[in-house]
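Read through the structure below, which is laid out as structure tokens, and then see the notes.
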Amino acid sequence: LLSEGYKACGKQLKSGHVDLALMSALDMARDPRWGRSEECYSEDPCLAASMAKAAVTGMQSTGVGSVAKHFCAQGETTGGVNASAARIGERELREIHFPSAKACCEAGVEGIMAAYNEIDGVYCHRNAWLLRDVLRGEMGFDGIVMADGCAIDRLGVLTDGDAAANGAYALSAGVDVSLWDDGFTHLEEAVERGLVAEAVLDRAVRRVLEMKFARGLF
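Residue numbers (our numbering): 1 to 218.
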């Protein structure tokens with residue numbers, strides 16, 4: 001039923017020339033105080049993974065790509081505060097928060113959006129283990145990783161507000177596409193300063209161009 005519902009949404013988006021749908025599908029309901037709990041499918045990883053896979057399958061069957069969000073553990077929270085730290089270890093990540101992302105990857109999801117929060121002290125937007133080793137290496141994801149809104153600039157707490165360094169951190173960790181931030185507009189400077197290799201930038205650009213060509217945008 002959910003897949004059919006998203007198929008209807010996809011048809012409407014397609015008629016409006018929309019190419020990508022940003023879809024809440026990965027968050028787990030862990031604290032009822034969290035203000036974005038309505039974006040979760042449930043607190044159960046098995047049910048949530050099934051629902052997430054159905055949503056992506058329905059949407060992408062219409063030719064509209066899905067960017068599933070948020071990766072990862074944003075629903076864990078500290079005290080129910082949005083974008084706050086997920087103070088958990090790898091076991092809880094794998095048992096509770098990874099199944100939905102894995103299911104979306106199995107469904108061929110075209111994009112994954114990183115989450116605002118940090119996990120065990122490491123922000124998701126600069127977490128190479130999460131975005132490269134797990135998402136791409138273990139789950140076989142080959143699409144684009146998108147930043148959440150202005151999240152790359154929030155890495156400024158680690159760089160004294162150095163925009164080029166913020167962009168370099170995120171790009172190096174595996175983020176391919178920015179969203180409203182200033183950091184990714186300074187990637188040329190980041191390369192010139194030796195903060196990130198040009199080959200890493202090329203890799204992200206290639207993923208974006210491949211998606212655009214596949215969608216017929218050229």
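For each residue, glycine too, the CB sits at the ideal point set by N, CA and C.
Own chain partners of Leu-201 with C-beta closer than 7 Å, once the 5 adjacent residues on each side are dropped: Residue mapping note: residue 201 aligns to position 201 of the sequence shown, counting from 1. Leu-171, Leu-187 and Val-191.
For Gly-194, report the span of its beta strand (DSSP E) as first-last. As a first step, residue 194 must be located in the sequence shown, where it is residue number 194. Careful: Gly-194 lies outside any beta strand (DSSP E) and carries neither H nor E.
Using the three-state DSSP reduction, which class does Tyr-123 fall into: helix, strand or coil? Here residue 123 refers to the residue found at position 123 of the sequence shown. Strand at Tyr-123.
What span of residues does the alpha helix (DSSP H) with Leu-171 cover, start to end? If you number the sequence shown from 1, residue 171 lands on position 171. Looking at the DSSP string, the run of the alpha helix (DSSP H) that includes Leu-171 is 163–173.
For Leu-47, which of Ala-83, Thr-185, Leu-20 and Ile-96 has the nearest alpha-carbon? Residue 47 sits at position 47 when you count from the first residue of the sequence shown. Nearest option by C-alpha distance: Ile-96.
Which residue marks the beginning of the beta strand (DSSP E) containing Phe-71, and which one marks its end? Counting from one through the sequence shown, the residue named residue 71 turns up at place 71. Looking at the DSSP string, the run of the beta strand (DSSP E) that includes Phe-71 is 65–71.
In this structure, what does DSSP give as the bridge partners for Gly-111? Your numbering for residue 111 matches position 111 in the sequence shown. Answer is Val-67 and Ile-144, bridged to Gly-111.
Rounded to whole angstroms, what is the Cα-Cα separation between Ala-204 and Val-81? Position 204 of the sequence shown, counted from the first residue, corresponds to residue 204. Position 81 of the sequence shown, counted from the first residue, corresponds to residue 81. So the alpha carbons of these two residues sit roughly 32 Å apart.
I'd like the span of the beta strand (DSSP E) that includes Ala-21, first residue to last. Within the sequence shown, residue 21 is the residue found at index 21, counting from 1. From DSSP, the beta strand (DSSP E) with Ala-21 extends over 20–24.
Give the range of the alpha helix (DSSP H) segment to which Thr-159 is assigned. One-based indexing of the sequence shown puts residue 159 at position 159. Note, Thr-159: alpha helix (DSSP H), 156–159.
State whether the stretch 36–45 contacts the stretch 85–94, with contact taken as three or more CB pairs (one from each stretch) at a distance under 8 Å. no
What number of angstroms, rounded off, separates the C-alpha of Glu-76 from the C-alpha of Arg-215? As a position in the sequence shown, residue 76 is number 76, starting the count at 1. As a position in the sequence shown, residue 215 is number 215, starting the count at 1. Glu-76 and Arg-215: Cα-Cα distance of roughly 35 Å.
Residue-level contact to chain C via CB, His-17, 8 Å cutoff: Looking at the structure shown, chain C is missing, and only one protein chain is on hand.
C-alpha gap between Met-139 and Leu-22, whole angstroms: As a working mapping, residue 139 is identified with position 139 in the sequence shown. As a working mapping, residue 22 is identified with position 22 in the sequence shown. C-alpha separation (whole angstroms): 20 Å.
Local Cβ density within 10 Å of Gly-167, reported as buried at 16 or more and exposed below that: What you label residue 167 is simply residue 167 of the sequence shown in a count that begins at 1. It is buried - the Cβ of Gly-167 has at least 16 other Cβ atoms within 10 Å.
Under the three-state DSSP convention, the category Ala-86 falls into: Sequence index remark: in the sequence shown, residue 86 carries index 86 (1-based). Three-state DSSP puts Ala-86 in a strand.
In terms of DSSP beta bridges, what is Thr-78 paired with? To locate residue 78, count along the sequence shown from 1; it is residue 78. Answer by DSSP bridge pairing, in chain order: Val-81.
Do Gly-10 and Val-64 come within 8 Å of each other at the CB atom, strictly closer than that value? Here residue 64 refers to the residue found at position 64 of the sequence shown. Here residue 10 refers to the residue found at position 10 of the sequence shown. Result yes, Cβ atoms of Val-64 and Gly-10 sit closer than 8 Å.
Report the three-state DSSP secondary structure of Glu-188 (helix, strand or coil). Taking the sequence shown and counting its residues from 1, the one referred to as residue 188 is at position 188. If DSSP states are grouped into helix, strand and coil, Glu-188 belongs with the helices.
C-alpha distance - Ala-49 paired with Lys-102, whole-angstrom precision: Within the sequence shown, numbered from 1, the residue matching residue 49 stands at position 49. Within the sequence shown, numbered from 1, the residue matching residue 102 stands at position 102. Computed Cα separation, rounded: 8 Å.
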